[in-house]
Structures are given as C-alpha cells and as structure tokens.
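Undergrad: Number 54 in numbering that gives the first Met the number 0 belongs to position 55 of the sequence shown; there are no gaps in the numbering. Pasting a structure below so you can have a look.
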Amino acid sequence: MPFVNLSEVVAMRQKGERLALLIRHAERRHILPTDADYGAHVRITEQGHEQATNVGKALTSFASAQYFSSPVMRCRETASTIAKARGDEAFDLPEKVIPIQRLAEFYVADFKEYERLLREGFYEAICDYLDTGEYRGFLPIAEASQELLNLVVENSTEALNVFVSHDAWIVPFLTHFTEVRFAPNRWMNFLSGAAIFLSEKTPPRIIPVAGLGDGYLRF
C-alpha cells in the first residue's frame with residue numbers, strides 16, 4: 000500500500016480502535032555532514048511549525064491523546080505543536096512531551112559505526128541496510144522493527160498516541176512492515192510515517208501515512 004493521506008487514515012479508524020502515529024518530525028533545515036553533533040541542535044523551521052499545526056488540526060476528532068518523542072528538540076517541538084493545535088494543554092510545550100530515548104537510536108547497535116556512517120554516506124548505507132536486512136553497526140531490521148512496534152503498542156493507551164522520531168528509524172520500520180520502498184533520491188517526507196491501528200480483538204494494522212499529502216520528499 001502506498002502512503003495514505005492523514006485525513007483518509009483518520010477516516011479509516013473503526014469503532015473501538017486506538018490510533019498510534021509513528022511519524023518523522025516536521026521540516027528542519029538541511030544538516031551537513033560537517034555539523035559537530037550532526038544536527039542534534041537543529042530545530043524545526045517556521046514552515047515546520049505550520050506543518051505540525053495542520054497535522055494537529057486534522058486529529059481533533061480523537062477524544063484523548065498523548066505524545067511521545069525522541070529527546071531531540073525538533074521532535075519534541077513537533078509533538079508539542081501538534082498537541083497545541085489539538086488543544087491538549089498537558090503536552091503543548093516541548094518539555095511536556097514524554098521523551099523516549101530509544102526513539103532517537105532504535106536500530107543502532109554500534110554508535111561509533113553509526114556516527115561514521117553519518118559522515119560518510121548515510122543514505123547509501125541505510126538503503127543497503129534496507130536491501131539486506133542487516134548492516135554493520137545496526138541491529139537486524141526484523142528484530143528491531145518488532146521491538147519498535149512492541150514499544151508503540153505498549154504505550155498506546157489513549158485514543159490517539161503520537162510518537163515523533165527520525166526518518167532513519169521509521170524508514171526501516173516501514174520497509175519491514177509495509178510495501179513502501181525508499182532510495183537516496185526517493186526519501187521519506189517530513190511528518191510521514193506509520194499509522195498503527197490497535198484493537199484488543201485483532202493484530203495491529205500498519206498503514207503508511209503522509210502528514211503533508213505526499214509521503215516522499217521532492218528533490
């Protein structure tokens with residue numbers, strides 16, 4: 000299944016289902032390989048705030064919500080902006096969003112190797128990882144993807160559950176669980192990711208979701 004627009008995903012929810020959104024943060028500036036911390040300090044742009052606000056407005060039909068994110072500030076900003084647009088005062092500031100460290104590093108097995116790849120050709124390495132399911136410095140995709148799904152399921156206790164992370168971890172998750180595919184010149188857009196429908200009676204339904212109307216970046 001290709002990426003589905005967020006408004007269509009919301010309409011797909013069946014009675015009694017909870018929805019978890021595992022999505023990439025909103026727009027940020029380009030990160031150069033020479034950045035000292037490889038962009039850990041980079042915030043979302045003004046347009047990114049507008050994007051996240053529009054996502055929040057598309058989610059107002061849910062009676063309750065909670066927000067989790069990578070500790071990286073652009074993820075917390077994204078989550079809190081979505082919350083503010085929905086009117087969720089308990090999460091409407093970055094510091095109110097629940098941080099989950101693993102959302103910043105989920106598939107990493109060797110941090111030194113990971114940092115080397117960030118400098119030397121990250122997209123090419125990730126795409127090799129997607130093709131083979133294994134790569135030096137990373138956990139096996141199948142194993143790590145199931146662990147990430149378990150984390151989402153275990154924490155998704157409200158009608159709406161938003162998890163904001165990074166493309167590096169949502170891309171392998173989608174590749175494992177769906178038919179969406181990526182390449183260095185066909186990469187995940189901001190606010191895209193996985194919509195996960197949860198029910199006590201059936202296994203999770205995982206659908207690629209596009210928060211901006213197109214799940215892929217246009218280079």
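Note that the Cβ used here is the ideal one computed from N, Cα and C, for glycine as well. Note that the coordinates shown come from a computational prediction; the quantities given were computed from them, not determined experimentally.
#1: Out of I99, V161, R135 and R217, point me to the one whose CA is closest to N184's CA.
#2: Taking H24 as the reference, give the member of K111, V163, G132 and A124 with the closest Cα.
#3: May I have the straight-line CA-CA distance separating L211 from L148, to the nearest angstrom?
#4: Within this structure, are the beta carbons of T80 and H48 separated by less than 8 Å?
#5: Among all the DSSP beta bridges, which residues are the ones paired with N160?
#6: Tell me the rounded alpha-carbon separation between D127 and Y134.
#7: Over what stretch of residues does the alpha helix (DSSP H) that includes S191 continue unbroken?
#8: Using 8 Å as the Cβ pair cut-off and three pairs as the minimum, do the stretch 196 to 209 and the stretch 44 to 64 touch?
#9: Enumerate in chain order the residues of its own chain whose CB-to-CB distance from Q100 is below 7 Å, with the five nearest sequence positions on each side excluded.
#10: Taking Cβ to Cβ, would you say T44 is nearer than 8 Å to A84?
TA: So, from the data block:
#1: One-based indexing of the sequence shown puts residue 184 at position 185. Looking from the CA of N184, the closest CA among I99, V161, R135 and R217 belongs to R217.
#2: In the sequence shown, counting from the first residue as 1, residue 24 sits at position 25. The alpha carbon of H24 has as its nearest neighbour, out of K111, V163, G132 and A124, the alpha carbon of V163.
#3: Here the question's residue 211 lines up with position 212 in the sequence shown. Here the question's residue 148 lines up with position 149 in the sequence shown. Distance from the CA atom of L211 to the CA atom of L148, rounded to whole angstroms, is 23 Å.
#4: Along the sequence shown, one-based indexing puts residue 80 at 81. Along the sequence shown, one-based indexing puts residue 48 at 49. Yes, these two residues count as a Cβ contact at 8 Å.
#5: Here residue 160 is taken as the residue at index 161 of the sequence shown, counted from 1. N160 pairs with A19 and Q65.
#6: On the sequence shown, residue 127 is found 128 positions in, with the first residue counted as 1. On the sequence shown, residue 134 is found 135 positions in, with the first residue counted as 1. Going from the Cα of D127 to the Cα of Y134 covers about 7 Å.
#7: Taking the first residue of the sequence shown as 1, we reach residue 191 at position 192. Per DSSP, S191 belongs to no alpha helix (DSSP H); it is in the beta strand (DSSP E), S191 to L197.
#8: Short answer: they don't touch.
#9: Indexing the sequence shown from 1 puts residue 100 at position 101. Result list for Q100: P70, in chain order.
#10: Within the sequence shown, the letter at position 45 stands for residue 44. Within the sequence shown, the letter at position 85 stands for residue 84. For the 8 Å CB-CB criterion, T44 and A84 do not form a contact.
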